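Reviewing the structure listed below.
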Amino acid sequence: MAERKPIESWLTDMDGVLVHEGIPIPGAEEFIRRLRESGKPFLVLTNNSIYTPRDLAARLAGIGLEVPEESIWTSALATAKFLSGQRPGGTAYVIGEAGLTTALYQIGYVLTDTNPDYVVLGETRTYSFEALTKAIRLINGGARFIATNPDETGPSAEGALPATGSVAALITKATGVEPYFVGKPNPLMMREALNTLKAHSESTAMIGDRMDTDVVAGMEAGLETVLVLSGLTQPGEVERFPYRPSRVVKSVADLIDEI
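Under this note's numbering, the first residue of the sequence shown is numbered 284, with each subsequent residue one higher.
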(Lines of atoms letter the chains of each structure in order from A and count residues from 1; the text may use other names and numbers.)
(Lines give C-alpha, C1' and ligand atoms only; values in the text may rest on other atoms or scores of the structure.)
Protein backbone atom coordinates (compact mmCIF):
# COMPACT_ATOMS: atom_id res chain seq x y z
CA MET A 1 0.00 0.00 0.00
CA ALA A 2 1.35 3.44 -0.92
CA GLU A 3 2.65 5.56 1.93
CA ARG A 4 0.17 8.20 3.01
CA LYS A 5 0.65 11.68 4.39
CA PRO A 6 0.43 12.16 8.17
CA ILE A 7 -3.15 12.44 9.42
CA GLU A 8 -4.10 16.06 10.04
CA SER A 9 -7.91 15.71 10.13
CA TRP A 10 -10.18 13.05 11.58
CA LEU A 11 -13.68 11.86 10.71
CA THR A 12 -15.31 9.34 13.02
CA ASP A 13 -18.58 7.49 13.16
CA MET A 14 -20.52 7.76 16.43
CA ASP A 15 -22.42 4.54 17.23
CA GLY A 16 -20.03 1.64 17.67
CA VAL A 17 -16.99 3.90 17.70
CA LEU A 18 -17.62 6.44 20.46
CA VAL A 19 -20.85 5.10 21.95
CA HIS A 20 -22.46 1.69 22.33
CA GLU A 21 -26.11 1.54 23.42
CA GLY A 22 -25.85 4.91 25.16
CA ILE A 23 -22.59 4.14 26.98
CA PRO A 24 -19.21 5.62 26.02
CA ILE A 25 -16.78 3.08 24.59
CA PRO A 26 -13.64 2.88 26.76
CA GLY A 27 -11.09 5.35 25.44
CA ALA A 28 -13.64 7.52 23.62
CA GLU A 29 -13.60 10.32 26.21
CA GLU A 30 -9.80 10.56 26.11
CA PHE A 31 -9.78 10.32 22.31
CA ILE A 32 -12.20 13.26 21.96
CA ARG A 33 -10.37 15.27 24.62
CA ARG A 34 -7.05 14.72 22.84
CA LEU A 35 -8.59 15.78 19.52
CA ARG A 36 -9.94 18.99 21.01
CA GLU A 37 -6.65 19.84 22.71
CA SER A 38 -4.66 19.14 19.54
CA GLY A 39 -6.57 21.69 17.49
CA LYS A 40 -6.77 19.22 14.62
CA PRO A 41 -10.02 19.51 12.61
CA PHE A 42 -12.46 16.68 13.29
CA LEU A 43 -16.09 15.76 12.73
CA VAL A 44 -18.29 13.11 14.30
CA LEU A 45 -20.40 11.67 11.49
CA THR A 46 -23.72 9.92 11.91
CA ASN A 47 -26.36 8.61 9.52
CA ASN A 48 -28.96 9.30 12.20
CA SER A 49 -31.13 12.19 10.99
CA ILE A 50 -33.42 12.38 14.03
CA TYR A 51 -31.44 14.88 16.08
CA THR A 52 -29.90 18.27 15.39
CA PRO A 53 -26.18 18.68 16.12
CA ARG A 54 -27.14 20.67 19.23
CA ASP A 55 -29.31 17.80 20.45
CA LEU A 56 -26.55 15.27 19.82
CA ALA A 57 -23.91 17.44 21.51
CA ALA A 58 -26.12 17.64 24.60
CA ARG A 59 -26.74 13.89 24.58
CA LEU A 60 -23.04 13.14 24.26
CA ALA A 61 -22.17 15.64 27.01
CA GLY A 62 -24.64 13.82 29.24
CA ILE A 63 -22.48 10.70 29.07
CA GLY A 64 -19.18 12.51 29.39
CA LEU A 65 -18.22 13.07 25.74
CA GLU A 66 -17.63 16.78 25.12
CA VAL A 67 -18.15 17.16 21.37
CA PRO A 68 -18.85 20.72 20.16
CA GLU A 69 -22.04 21.21 18.18
CA GLU A 70 -20.04 22.41 15.17
CA SER A 71 -18.05 19.15 15.20
CA ILE A 72 -21.09 16.97 14.46
CA TRP A 73 -22.11 16.17 10.88
CA THR A 74 -25.38 14.31 10.30
CA SER A 75 -27.02 12.79 7.25
CA ALA A 76 -29.72 15.44 7.69
CA LEU A 77 -27.15 18.24 7.27
CA ALA A 78 -25.60 16.44 4.30
CA THR A 79 -29.04 16.04 2.71
CA ALA A 80 -29.83 19.72 3.20
CA LYS A 81 -26.50 20.76 1.71
CA PHE A 82 -27.06 18.47 -1.26
CA LEU A 83 -30.55 19.87 -1.90
CA SER A 84 -29.41 23.48 -1.53
CA GLY A 85 -26.96 22.85 -4.34
CA GLN A 86 -29.39 20.95 -6.53
CA ARG A 87 -32.45 23.17 -6.20
CA PRO A 88 -31.97 26.29 -4.03
CA GLY A 89 -35.12 27.50 -2.31
CA GLY A 90 -37.06 24.36 -3.21
CA THR A 91 -39.96 22.60 -1.55
CA ALA A 92 -40.16 19.22 0.14
CA TYR A 93 -42.56 16.85 1.81
CA VAL A 94 -40.61 15.46 4.76
CA ILE A 95 -41.00 12.31 6.79
CA GLY A 96 -38.60 12.72 9.70
CA GLU A 97 -37.79 14.44 12.95
CA ALA A 98 -36.42 17.82 14.04
CA GLY A 99 -32.89 17.04 12.87
CA LEU A 100 -34.07 16.85 9.27
CA THR A 101 -36.78 19.52 9.25
CA THR A 102 -34.48 22.02 11.00
CA ALA A 103 -31.69 21.40 8.47
CA LEU A 104 -34.09 21.99 5.57
CA TYR A 105 -35.56 25.13 7.14
CA GLN A 106 -32.04 26.50 7.57
CA ILE A 107 -31.37 26.28 3.81
CA GLY A 108 -34.61 28.13 3.05
CA TYR A 109 -36.74 25.16 2.01
CA VAL A 110 -40.51 25.27 2.30
CA LEU A 111 -42.02 22.10 3.76
CA THR A 112 -45.30 21.27 2.07
CA ASP A 113 -47.46 18.43 0.84
CA THR A 114 -48.67 20.40 -2.18
CA ASN A 115 -46.70 19.61 -5.34
CA PRO A 116 -43.30 19.46 -3.60
CA ASP A 117 -40.08 19.26 -5.57
CA TYR A 118 -38.92 16.41 -3.34
CA VAL A 119 -40.13 13.76 -0.95
CA VAL A 120 -37.40 13.54 1.68
CA LEU A 121 -37.37 10.47 3.90
CA GLY A 122 -35.45 10.45 7.14
CA GLU A 123 -35.50 8.46 10.33
CA THR A 124 -38.30 8.69 12.85
CA ARG A 125 -39.65 6.56 15.65
CA THR A 126 -43.23 7.22 14.48
CA TYR A 127 -43.60 6.25 10.83
CA SER A 128 -47.30 6.59 10.05
CA PHE A 129 -49.29 4.82 7.37
CA GLU A 130 -50.90 8.14 6.43
CA ALA A 131 -47.54 9.86 5.90
CA LEU A 132 -46.17 6.96 3.86
CA THR A 133 -49.30 6.87 1.72
CA LYS A 134 -48.97 10.59 1.04
CA ALA A 135 -45.29 10.18 0.14
CA ILE A 136 -46.13 7.37 -2.29
CA ARG A 137 -48.81 9.45 -4.01
CA LEU A 138 -46.53 12.50 -4.27
CA ILE A 139 -43.73 10.42 -5.80
CA ASN A 140 -46.21 8.88 -8.22
CA GLY A 141 -47.21 12.45 -9.05
CA GLY A 142 -43.65 13.41 -9.99
CA ALA A 143 -41.86 14.41 -6.77
CA ARG A 144 -38.20 13.35 -6.66
CA PHE A 145 -37.36 10.81 -3.96
CA ILE A 146 -34.48 11.51 -1.55
CA ALA A 147 -33.53 9.50 1.55
CA THR A 148 -31.08 10.60 4.21
CA ASN A 149 -29.38 7.20 4.51
CA PRO A 150 -29.71 3.54 3.51
CA ASP A 151 -29.44 1.99 7.00
CA GLU A 152 -32.03 -0.79 7.18
CA THR A 153 -32.10 -1.07 10.96
CA GLY A 154 -31.15 1.04 13.92
CA PRO A 155 -30.18 0.14 17.50
CA SER A 156 -32.34 0.44 20.58
CA ALA A 157 -32.28 -0.97 24.09
CA GLU A 158 -35.03 -3.40 23.09
CA GLY A 159 -33.30 -4.55 19.90
CA ALA A 160 -33.22 -3.61 16.21
CA LEU A 161 -35.65 -1.04 14.83
CA PRO A 162 -36.65 -0.54 11.17
CA ALA A 163 -34.75 2.46 9.86
CA THR A 164 -34.73 4.69 6.78
CA GLY A 165 -33.51 2.06 4.33
CA SER A 166 -36.30 -0.38 5.20
CA VAL A 167 -38.98 2.27 4.88
CA ALA A 168 -37.47 3.51 1.62
CA ALA A 169 -37.72 -0.05 0.29
CA LEU A 170 -41.43 -0.06 1.09
CA ILE A 171 -41.95 3.21 -0.81
CA THR A 172 -39.88 1.93 -3.72
CA LYS A 173 -41.95 -1.24 -3.88
CA ALA A 174 -45.13 0.85 -4.05
CA THR A 175 -43.85 3.39 -6.59
CA GLY A 176 -41.12 1.68 -8.58
CA VAL A 177 -38.91 4.69 -7.81
CA GLU A 178 -35.52 4.26 -6.11
CA PRO A 179 -34.42 7.05 -3.77
CA TYR A 180 -31.12 8.87 -3.91
CA PHE A 181 -29.39 8.11 -0.60
CA VAL A 182 -27.21 10.98 0.62
CA GLY A 183 -25.69 9.48 3.79
CA LYS A 184 -22.96 6.88 4.15
CA PRO A 185 -21.81 4.96 2.17
CA ASN A 186 -22.33 7.73 -0.39
CA PRO A 187 -18.89 9.39 -0.62
CA LEU A 188 -20.77 12.66 -1.13
CA MET A 189 -21.27 12.81 2.65
CA MET A 190 -17.52 12.40 3.11
CA ARG A 191 -16.66 15.09 0.58
CA GLU A 192 -19.07 17.53 2.18
CA ALA A 193 -17.53 16.76 5.57
CA LEU A 194 -14.05 17.39 4.13
CA ASN A 195 -15.25 20.68 2.65
CA THR A 196 -16.70 21.67 6.01
CA LEU A 197 -13.30 21.07 7.65
CA LYS A 198 -11.39 22.52 4.70
CA ALA A 199 -9.42 19.27 4.86
CA HIS A 200 -7.72 17.18 2.18
CA SER A 201 -8.53 13.52 1.62
CA GLU A 202 -4.84 12.52 1.53
CA SER A 203 -4.31 13.66 5.12
CA THR A 204 -7.67 12.63 6.62
CA ALA A 205 -8.72 9.39 8.31
CA MET A 206 -12.20 7.90 8.66
CA ILE A 207 -12.86 5.74 11.72
CA GLY A 208 -15.86 3.42 11.63
CA ASP A 209 -17.21 0.10 12.86
CA ARG A 210 -18.98 -0.96 9.65
CA MET A 211 -17.33 -2.22 6.49
CA ASP A 212 -20.42 -1.59 4.33
CA THR A 213 -20.85 2.08 5.25
CA ASP A 214 -17.92 3.70 7.07
CA VAL A 215 -15.03 1.87 5.42
CA VAL A 216 -16.34 1.79 1.87
CA ALA A 217 -17.39 5.46 2.03
CA GLY A 218 -14.01 6.51 3.36
CA MET A 219 -12.18 4.39 0.79
CA GLU A 220 -14.18 5.78 -2.13
CA ALA A 221 -13.51 9.32 -0.91
CA GLY A 222 -9.77 8.65 -0.83
CA LEU A 223 -9.33 8.66 2.95
CA GLU A 224 -7.29 6.43 5.19
CA THR A 225 -9.80 4.05 6.77
CA VAL A 226 -9.62 2.64 10.29
CA LEU A 227 -12.00 -0.16 11.25
CA VAL A 228 -12.64 -0.49 14.99
CA LEU A 229 -13.88 -3.78 16.42
CA SER A 230 -15.93 -2.10 19.17
CA GLY A 231 -19.15 -2.06 17.14
CA LEU A 232 -20.92 -4.25 14.59
CA THR A 233 -18.06 -5.79 12.60
CA GLN A 234 -16.24 -8.79 14.04
CA PRO A 235 -12.66 -9.75 13.04
CA GLY A 236 -13.70 -12.77 10.99
CA GLU A 237 -16.12 -10.71 8.89
CA VAL A 238 -13.52 -8.39 7.37
CA GLU A 239 -12.32 -10.95 4.83
CA ARG A 240 -15.84 -11.40 3.44
CA PHE A 241 -15.68 -8.00 1.75
CA PRO A 242 -13.94 -7.33 -1.59
CA TYR A 243 -12.20 -4.28 -0.10
CA ARG A 244 -10.20 -3.76 3.07
CA PRO A 245 -9.71 -0.94 5.55
CA SER A 246 -6.29 0.65 5.74
CA ARG A 247 -6.00 -0.93 9.16
CA VAL A 248 -7.98 -2.61 11.93
CA VAL A 249 -7.79 -1.74 15.65
CA LYS A 250 -9.71 -2.86 18.71
CA SER A 251 -11.11 0.60 19.53
CA VAL A 252 -10.38 4.32 19.43
CA ALA A 253 -8.31 3.78 22.57
CA ASP A 254 -5.62 2.44 20.22
CA LEU A 255 -5.56 5.73 18.29
CA ILE A 256 -5.13 8.16 21.18
CA ASP A 257 -1.35 8.34 20.90
CA GLU A 258 -1.64 9.30 17.20
CA ILE A 259 -3.46 12.54 17.90
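For glycine and all other residues, C-beta sits at the position ideal for the given N, C-alpha and C.
Remember, it's a predicted structure, so these values are computed and weren't measured experimentally.
Residue i - DSSP class collapsed to helix/strand/coil
{"i": "E507", "result": "strand"}
{"i": "T487", "result": "strand"}
{"i": "D537", "result": "helix"}
{"i": "P336", "result": "helix"}
{"i": "T397", "result": "coil"}
{"i": "G448", "result": "helix"}
{"i": "Y463", "result": "strand"}
Paired residues, beta bridge with residue i - DSSP
{"i": "I306", "result": "H303"}
{"i": "V402", "result": "Y376, F428"}
Alpha-carbon spacing of residue i relative to residue j, whole angstroms
{"i": "P470", "j": "A500", "result": "5 Å"}
{"i": "D569", "j": "L538", "result": "Residue 569 is absent from the model: the chain starts at 284 and stops at 542."}
{"i": "R493", "j": "A386", "result": "26 Å"}
{"i": "E541", "j": "E313", "result": "12 Å"}
{"i": "T397", "j": "S411", "result": "18 Å"}
{"i": "I308", "j": "G425", "result": "45 Å"}
{"i": "G391", "j": "G373", "result": "8 Å"}
{"i": "T458", "j": "G322", "result": "48 Å"}
Sub-7 Å separation of residue i and residue j beta-carbons
{"i": "I306", "j": "G382", "result": "no"}
{"i": "E291", "j": "S486", "result": "yes"}
{"i": "V465", "j": "I422", "result": "no"}
{"i": "G505", "j": "D497", "result": "no"}
{"i": "A482", "j": "P324", "result": "yes"}
{"i": "L328", "j": "D296", "result": "yes"}
{"i": "K467", "j": "N330", "result": "yes"}
Closest by C-alpha distance to residue i, when choosing among the options
{"i": "I315", "options": "F524, S484, I355, V402", "result": "I355"}
{"i": "A430", "options": "V450, T436, G424, L421", "result": "V450"}
{"i": "A488", "options": "E507, L480, G405, E503", "result": "E507"}
{"i": "N478", "options": "L326, E380, V521, G347", "result": "L326"}
{"i": "D434", "options": "T458, G310, G405", "result": "G405"}
{"i": "W293", "options": "L512, L480, S367", "result": "L480"}
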